[in-house]
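Protein chains in written order, with our numbering: chain A, 4 to 398; chain B, 312 to 603. Beta carbons: idealized from backbone N, C-alpha and C, even for Gly. All of these numbers come straight from a predicted model, not from anything done at the bench. Below you'll find the structure, written out as structure tokens, and then a few comments.
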Amino acid sequence: MIFGDPAERAAYEALVTAFESEHPTIQVQLIHIPSQSDYRARIGADFAANTPSDVMLINYRRYAQFAARGVLEPLGDYLDRSPLIQTEDFYPEALEPFYWEGKLICIPQNLSSLVVYYNKNLFDAAGVSYPNNDWTWDDFLETAQRLTQDLDGDGNTDIYGLGTEVSIVRLAPFLWQNGGELTNTDFNPTVLTLDRSNEGLEALQWFIQLQTVHGVVPNAEAESAEDSESRFMNGRTAMYLNSRRGVPTYREITAFDWDVAPLPQGKQRAGVLHADAYCMPSMIDDKEAVWTFIEYANSPAGQTIVAQSGRTVPSLRAVAESPAFLDPNKKPLNSRVFLDVIPDLKFLPIMSTWVEIEEILTEELQLGFYNDPAPHDIALMMSFRTLEYFDPPQR
Amino acid sequence: MLNYRRTLRWMLLPYLMGTVILIVIPAIVTLILAFTQYDLLSPPSWYGFNNFRDLAQFDDILPRAMLNSLLFVLLAVPLRILGALALALFLEHRRRGVGLYRTAVYLPTLIPDVAYALIWLWVFNPIYGPLNQVLEAIGIEGPGWLTDARFALPAIVLMSVFQIGEGFVVLLAGLHNIPRDYYDVAAVDGGTGWQKFRYITFPLLRPWLILLTLRDVLLTTQNTFTPAYIMTGGDPYYATMFLPLHIYKETFEDFRYGSGATMTVLMICGVSVILITVFVVLKGWRNQNAYD
């Protein structure tokens, strides 16, 4: 069972076809649920009915709620026994968040990070040079400002310098780059620390002011009229923040040329991990057959297929360094930036209630992003409203 | 006769089965679950009244959702009933083209909810949507309908006001049931249009109106789900977070079946209170009228 856009789905269809031709005795039925929240609801309902999918692709921010309830089969032992793949073949940064209470629960297929997708034609037209690998927050803002344009002089912005989803996963790398912290620990944190440091609040303010002060990002109204991603794809947003996930869809763009650049740098280097892993419910019967699929999907052959679609930054070092990922004939040309940032990647907290916390944080962040209250007030509300989810009472 | 009744019973059977399987049994299960903790992943455990306590103590969205739902019912129901009544009166008599207008009134009701929500998402689009473009043409700067906290809930009320086909048809039938003679007598006595409405049409339509109002309270409480889920997701900042959406999120997205069921029970109680109030008020009003 997988989630994602139609272009992403095609990659997994190719994977399943390849697997079935290699293992003709095992039949795989692909279930595709486009949206993340529906996906989560489906997993819950399937577990309740005792009919979970044999394999589930789950993001590292979302697997802990299942791991904490013991419904996922730890896959560490399977990996240790595998003749096809070894722990050392993977980037440790991808595996780390999937260790729950010392056991490797799921096998990650990828380790993407947040990068800046940019429209080269808009940069050329505005006479702005392309981002280089060590640009700073100031360079970033200045670039966005120069690219934000009101073409017909009617007072409305026609081209935005920057577009982004307004969420914690987008804010997090900037927070870390400025020396702030979201929570006190990476695993099972007990407190939100965003409001406890000036570095954190500074980063929050900087992020929010991209919209409220500088107007380089669409406001609520403009965003609801047309979301930033579709604006980017229609050539009216110069830079768009996204993980590797957008690539299969963006490869369909023919109207302009685009590439990726690393995030601008703050006081220290940091990026945010995006990783999805194959998980196996513990209640299913034929675990060996299911492992055969997970093993294949994470073997060099399997990861190569999905990587070629553009969807993933492979979690296997060998595949990530191969032309399957770094193909010079396929966009983005600068794919290597995804690999360069790997040592700096940090991950969002691993805890069973993180999904709910993130939902509240994002709600508060959006309120701030579009209405401009003081950053300290936003952070306080975030702490206050999520209090019950840290070390939660019996709910 | 006996045979006829038996046939009737057989014909009712599928509906009875449907009601039991799809409504009665789930309702009973929900009532039981309301007193348990259940996360779908492990079996439910008895929790007594603690769900109610937890909701009161921790759920800061629930009061907002209750208020929004109540506000929605208070705004939408009168508008919908009055709208249906006005249109039924206006399109009561056969004239050229009246069939076309009646179809036009009924048509929005036929559109499936999801499609209807998507249409209005476009209508309300602050820049490209027809509503704001029309407003701009007459010199008014339209608001960000679904992004401005002041306009988001009224916007959803507005779209619900166009789906009144069923009430419209019922009232049209009600109007046709009123004998013409009454109006003729009134005309002989020199009754004005308003007097005819006040002393003939309205009293004779009242049973229909009471029925429609009660039904509409039930309907509008639940019908906020699709527009909120599809169009706003409860945004901006919970301005369109209605009870059904909140219950859905709590239950199916956050895996808290127990407290989701508790909220459902609360919602049913709340709706019952409104229904009883409406019924008592309308009934009292009828008695008072009898002495006019």
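- The beta carbon of B/Gly359 sits no closer than 8 Å to any beta carbon of chain A.
- If you check the CB distance, A/Val169 and A/Leu368 come in under 8 Å.
- Put simply, the CB of A/Gly47 is near chain B, with a gap under 8 Å to one of its CB atoms.
- Under the 10 Å beta carbon count, A/Asp288 is surrounded by fewer than 16 other beta carbons and is classified as exposed.
- Burial state of B/Lys594 is exposed, judged by a 10 Å Cβ sphere holding fewer than 16 other Cβ atoms.
- Using beta-carbon distances, A/Val74 counts as an interface residue toward chain B, with a partner under 8 Å.
- Not flagged as an interface residue toward chain B: A/Glu361, since no C-beta distance is shorter than 8 Å.
- Think of a sphere of 8 Å around the beta carbon of B/Gly455: the chain A residues whose beta carbon falls inside it are Ala223, Glu224 and Ser227, in chain order.
- In this structure, DSSP gives B/Leu327 a helical state, which the three-state scheme calls helix.
- Nearest C-alpha to A/Leu348 among A/Asn135, A/Asp262 and A/Val172: A/Val172.
- Annotation: the continuous alpha helix (DSSP H) that includes B/Val481 extends over Gly476 to Asn488.
- If you compare the alpha carbons of A/Val194, A/Phe259, A/Asn245 and A/Thr167 with that of A/Glu229, the shortest gap goes to A/Thr167.
- With fewer than 16 other Cβ atoms inside 10 Å of its own Cβ, B/Trp357 counts as exposed.
- The three-state reading of DSSP puts B/Asn379 in helix, counting H, G and I together.
- Contacts between B/Pro437 and chain A, judged by CB atoms closer than 7 Å, involve Glu224, Ser227 and Ala228 in chain order.
- A check of alpha carbon separations from B/Tyr548 across B/Ser353, B/Tyr326 and B/Ile372 identifies B/Ile372 as the nearest.
- Bridge pairing for B/Ser356: B/Gln348 [DSSP].
- Between the C-alpha atoms of A/Ile360 and A/Pro378 there is a straight-line separation of about 18 Å.
- According to the DSSP assignment, A/Thr20 belongs to the alpha helix (DSSP H) that extends over Pro9 to Glu25.
- In the DSSP assignment, A/His277 falls within the beta strand (DSSP E) that extends over Gly274 to His277.
- Taken in chain order, the complete alpha helix (DSSP H) segments of 4 residues or longer contained in the region 163-212 of chain A are 171-180.
- Judged by DSSP secondary structure, A/Thr240 falls within the beta strand (DSSP E) whose first and last residues are Thr240 to Asn245.
- At least 8 Å separates the CB of A/Ser285 from every CB of chain B.
- Contact annotation for B/Thr458 against chain A: Ala223, Glu224 and Ser227 [CB-CB distance below 7 Å, chain order].
- Excluding the 5 residues flanking it on each side, A/Asp343 has same chain C-beta neighbours closer than 8 Å at Asn136 and Pro265, in chain order.
- Taking 8 Å as the threshold, the shortest C-beta distance from A/Ser40 to chain B falls below it.
- Between A/Thr139 and A/Pro346 the beta-carbon gap is near 19 Å, outside 8 Å, which marks them as no contact.
- Taking each of A/Gly7, A/Leu33 and A/Gly313 in turn and checking the Cα distance to A/Pro251, the smallest one comes out for A/Gly313.
- Relative to the Cα of B/Val480, the nearest Cα in the group B/Tyr568, B/Val416, B/Phe553 and B/Met322 belongs to B/Val416.
- Against chain B, the beta carbon of A/Glu366 has neighbours under 7 Å at Tyr548, listed in chain order.
- The CB of B/Glu447 never comes closer than 7 Å to any CB in chain A; the least such distance is about 12 Å.
- Straight across, the Cα-Cα distance linking A/Phe350 with B/Asp424 is about 40 Å.
- A Cβ-Cβ distance of about 6 Å is found for the pair B/Val472 and B/Gly394, placing them in contact under the 8 Å criterion.
- Within chain A, the residues placing a beta-carbon under 7 Å from that of B/Ser353 are Arg72, ordered along the chain.
- Excluding the 5 residues flanking it on each side, B/Met574 has same chain C-beta neighbours closer than 6 Å at Ile558, in chain order.
- A distance below 8 Å separates the beta carbons of A/Tyr243 and A/Tyr120.
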